[in-house]
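*Asks:*
What follows is the structure, given as structure tokens:
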């Protein structure tokens, strides 16, 4: 079982690392709400099929209903919109690097909500390290993308903070959760919300159907959403929340090389140092402390 957990963990990180490149390719022509609606409605449909094929039953109590609402409105809806919007203006690898702050946000919230997950000196130092790295990124924000790069960075930062709370709340419930059903429900509702916004704000927008965009949507939907989120929620049943949050700083390393090789994205030296500090801070916060 342990081998299966680590293999799926590694697959999830690799796929999320490549997702940032395909997101950037998709955003070049695809309207945001249409892209999100397509991605989540298709992914939600796949998750419903998987759920019914498994033949499992789900009994939702009031606490689990809150988990579903939080993941739907925060992680799948608001956080994804902010990340998509911000990614239009920043390098693909930078978006992944900013998401490395997730363990720091999770650790800060877990300190107040989960009794056996308190901050210690190492975690506190990790938070400060990540904060310094973020400041370094802001100092060269105009060189890290095109257009409103500073606002793009802020949008992705807000999405990271918002995404942390559902993760902590889920672990607080101390119960197992059906990843297929949560993803099916959350992504379908989010997809419908994005579809409504698309009909309102992007009614006259054109939808590119060239091979690169079609494959980008496919990758974002199946490997980048169905596979990754299915594994991610499943992992909550087997490993601690802080260890799950490690996923925030492995994909950026992959995304950095992918963006450099395939998209020609290169970060200035001060941004590289800032990125290293953010990833290091996340590691210090998430890694287990010696007794």
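In the numbering used here, the protein residues as written are 1 to 291.
Even for Gly, the Cβ is constructed at its ideal location relative to N, Cα and C.
Since the structure is predicted, the reported quantities are computational estimates derived from the model, not experimental observations.
Determine, using beta-carbon pairs with one atom in the segment 178-189 and one in the segment 228-236, whether at least three such pairs fall under 8 Å.
*Replies:* yes
*Asks:* Measure the CB-CB distance between residue 279 and residue 136 and report whether it falls below 8 Å.
*Replies:* The Cβ atoms of residue 279 and residue 136 lie no closer than 8 Å to each other.
*Asks:* For residue 111, report the span of its alpha helix (DSSP H) as first-last.
*Replies:* 102-113
*Asks:* Going by alpha carbons, who is nearest to residue 143 out of 131, 122, 91?
*Replies:* 91
*Asks:* Cα-Cα, which of 3, 8, 16 is closest to residue 254?
*Replies:* 16
*Asks:* Considering Cα atoms alone, identify which of 84, 2, 49, 5 is closest to residue 27.
*Replies:* 84
*Asks:* Ends of the alpha helix (DSSP H) at residue 264?
*Replies:* Taken as a continuous stretch (DSSP letters only), residue 264 belongs to no alpha helix (DSSP H), as it is neither H nor E.
*Asks:* Consult DSSP for residue 281 and reduce its assignment to one of helix, strand or coil.
*Replies:* helix
*Asks:* What residue does the alpha helix (DSSP H) around residue 238 start on, and which one ends it?
*Replies:* Residue 238 -> no alpha helix (DSSP H), and no H or E assigned at all.
*Asks:* By Cβ distance, which residues of its chain are closer than 8 Å to residue 66, with the 5 residues on each side in sequence left out?
*Replies:* 169
*Asks:* Within the segment 128-173, note down every full beta strand (DSSP E) run reaching 3 residues or more, in order along the chain.
*Replies:* none
*Asks:* Can you tell me where the alpha helix (DSSP H) holding residue 292 begins and where it ends?
*Replies:* There is no way to answer for residue 292, as the model of the chain reaches only from 1 to 291.
*Asks:* At 4 residues or longer, and completely inside the segment 165-228: list those alpha helix (DSSP H) runs for me, N to C.
*Replies:* Runs of the alpha helix (DSSP H) inside the segment 165-228: 179-201, 211-221.
*Asks:* With three or more C-beta pairs closer than 8 Å as the rule, is the segment 213-225 touching the segment 41-56?
*Replies:* yes
*Asks:* Between the C-alpha atoms of residue 277 and residue 59, what's the straight-line distance to the nearest angstrom?
*Replies:* 43 Å
*Asks:* Buried or exposed for residue 62, please, with buried defined as at least 16 other CB atoms from any protein chain shown within 10 angstroms of its CB.
*Replies:* exposed
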